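Take any residue in the sequence shown, note its place counting from 1, add 52, and you have its number in the numbering used here. Virtual Cβ for every residue (Gly too), placed ideally from N, Cα, C. Since we're looking at a predicted model, the values are computed, not measured.
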Amino acid sequence: MITNMNKTRQEVDSQYTWDLSSLFNDETSFLNAVESLKENIQSLSSFVNTLNSKQSIIDCLNLYASMTQKATSLFTYAQLKVSEDSSNQESLLRQGSLASLASSFGSASAFIDVELSQCHESVLKEVTSDAQHLKGYIEEVLRQKPHQLSLDVEKALSMLSTPLNAFYGIYNRSKLADLQFKPFEVNGQSFPLTFNSFENQYEFNTDHEVRRAAFNSFSTQLKSYQHTMAAVYSAHVSKEKALATLRGYESVFDYLLFNQQVSTHVYHNHIDTIYEKLKAPMRHYARLIKKEYGLESLTYADLKLPLDPTFEPTISVSQSLDILKEGLSLLGDDYITMVERSFKERWIDFENNIGKSTGAFCSSPYGVHPFVLINWTERMREAFVLAHELGHAGHFYLAGQHQSIFDTRASLYFIEAPSTINELFVAETLKKQDSSPRFQRWLKATLIARTYYHNFVTHMLEAVYQREVYRLVDQHKPLNAQILNNLMLKTIKDFWGEDVTIQDEAALTWMRQPHYYMGLYPYTYSAGLSIATHAAALIKEEPTKVEAWKSMLKAGGTLPPQELVKLIGIDLSTQETLNATIEFITQTVLDIDKLSS
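Structural data, given as structure tokens:
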């Protein structure tokens, strides 16, 4: 049974797992690629002190691009093997064996940006004129120039890249390999508990005793790791502050937003606007849940309850493909072909097993094809999760076909737009398939509970909390578990007000998400979804605008977010997009309330 979360990786059905052979057929081919990259590193050294002529720069960057693609395949393969089963020692050793290679590669290539930033502008213009695929890379080097350090320091930082970037891996290892949950009991019945089963099953369980007992048991075990995880997180943000200072940024916010090409004004305004204006509609939604279940008090452990407890359509993997093909058909035949291939060629890992990464993600190594991890539960909502992750896949797949490896990654500010707009496209299609009030109510409630709750509430609260953490970091204030817990608890309580009873255990929510190890990532979920909501409305009004949307996907990282969204007619300098999204959420909750009566 694909939804059984207590199987080992060896016990799962391989037809529902991803096939990583497109990266490497076997261990021998993986090791051969490692040796090949090591040889490339030696070859790269011949370009040191030569990047002062057009041809030398072109030859060097072409070799570097090839090496980057090879390294991406190696690191992706190693990471995906760990993601499918973090208890597999062979996979952990394989990933660990790449640490020194990453350090060597980073150190050996550190001279490139330093020498290019010192090169005469006329030479760089010749390069970009003759080699358009290198234009974006050179422009980015020049943009980063004010914050570049000496070659010796850049090489030292590259050599230290493995320990400097170890915190995310330590967090994940603690969470997925070491953190074990004891079964909990309700009325004499024992229930097994894992990270995945709590987040994918028990949080939605309509038996109040089971759901709340699961929350308490889950929180108890989380709490036993709070000091370790706080220490890891504190070390991570301290590293970011040190790098920000070292590179001459005024604050850690300036440092982290620079790569996103987003101003601190846009960042703070985005969080402040959503945090305040989203309270009313989401508290309204919470009251609907409370009323539906006849609860005296709605607690934090109850917020994921389905609004219609006896109605959520089930769905098979094959049925999800049919829904996606119809829902995403407006994106064109080439897009649907990609979706079909993702199922047929096993780009997706559906199975649940012990040690598998929680949640869902998409990894898109350049020159191969994307890979999607999901924890399948057979609920209809999984169609939205798949649509989301295949939105990432489609974005990078199209960008990879039209841009060089240096230009595929769009700003984080936009990165969640292609994924979340797919959820809206699927919802629009499902809406036409069943006009019954109950289905329409379920669909709208799913949009709120999954698409908007996940992206606008869960990740927005993360963003508010994260901002407070970085403010302390900028003030050189110490961090520990108690401080982090207090910040999280205050953030959650301020948002839900008196409509939701927030247990003290909710303070541990910060321990559940890996996003804090990815810079200012959490707020970009709501940024992307606000763009997606506005763009979906524009496409609905004028279907031909879908071509503008696809042009945005193909553009990859060649445009900053403000310029990118202008292609479809969105202006990020105004409040229009944020306000339109809040209005959409507000109206959807009102519709649910009306359908509930």
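Taking a 10 Å sphere around the C-beta of residue 490, we find fewer than 16 other C-beta atoms and assign the residue as exposed. Within the DSSP secondary-structure output, residue 236 pairs in a beta bridge with 243.
Here residue 375 is not bridged, per DSSP, to any residue. Apart from the 5 residues on each side of it in sequence, residue 585 sits with its Cβ closer than 6 Å to the Cβ of 633 and 636 in its chain, given in chain order. Look at the stretch 136 to 163 and you find these whole runs of alpha helix (DSSP H), each 4 residues long or longer: 141 to 149.
Secondary structure in the stretch 541 to 629: the alpha helix (DSSP H) runs of 4 residues or longer, each lying completely within the stretch, are 574 to 593, 598 to 607 and 613 to 616 in chain order. In this structure, the straight-line span from the alpha carbon of residue 546 to that of residue 116 is close to 49 Å. With contacts defined as CB atoms closer than 8 Å, residue 436 and residue 475 qualify as a contacting pair. Judged by DSSP in its simplified three-state form, residue 425 adopts strand. Linking residue 161 to residue 582 through their CA atoms gives a straight-line distance of about 38 Å. If you draw a straight line from the Cα of residue 394 to the Cα of residue 467, it comes to about 20 Å. A contact is defined here as three or more CB-CB pairs under 8 Å, and the stretch 132 to 146 fails this definition with respect to the stretch 166 to 173. The Cβ atoms of residue 525 and residue 175 do not sit closer than 8 Å to each other. In the structure shown, the three-state DSSP call for residue 398 is coil.
Its Cα nearest to that of residue 368, the residue 433 stands out among 349, 433 and 414. Between the stretch 514 to 530 and the stretch 565 to 576, the count of Cβ pairs shorter than 8 Å is three or higher; the stretches touch. In the DSSP assignment, the residues bridged to residue 415 are 423. Distance from the Cα of residue 497 is smallest, within the candidate group 535, 364 and 568, for 364. Here residue 553 is not near residue 325, since their CB atoms are 8 Å or more apart. Checking the DSSP bridge columns, you'll see residue 339 has no partner listed. In the structure shown, residue 640 adopts helical secondary structure according to DSSP, grouped into three states. For residue 126 and residue 638, the gap between their C-alpha atoms comes out near 46 Å. Residue 609 and residue 462 do touch by the CB rule: their CB atoms are close to 5 Å apart, below 8 Å.
In the structure shown, residue 299 falls within a coil segment according to DSSP collapsed to helix, strand and coil.
Collapsing the DSSP output to three states places residue 431 in a strand. Taking the CA atoms as reference points, residue 286 sits about 43 Å from residue 177.
For the pair residue 341 and residue 359, the Cα-to-Cα distance works out to about 6 Å. By the neighbour-count criterion, in which 16 or more other beta carbons inside 10 Å mark a residue as buried, residue 152 falls on the exposed side.
Per DSSP, the unbroken alpha helix (DSSP H) holding residue 321 starts and ends at 316 to 329. When only Cα atoms are considered, residue 76 and residue 85 end up about 9 Å apart. Taking the Cα positions, residue 119 is about 19 Å away from residue 451. Residue 280 sits in a helix when the DSSP states are folded into three classes. For secondary structure counted as the alpha helix (DSSP H) over 4 or more consecutive residues, the stretch 77 to 121 holds these complete runs in sequence order: 79 to 96. Annotation: residue 197 is outside any alpha helix (DSSP H) and is labelled neither H nor E by DSSP. Burial is judged here by how many other beta carbons sit within 10 angstroms of a residue's own beta carbon; residue 570 has fewer than 16 and is exposed. DSSP places residue 366 in the strand class (E or B) of the three-state scheme.
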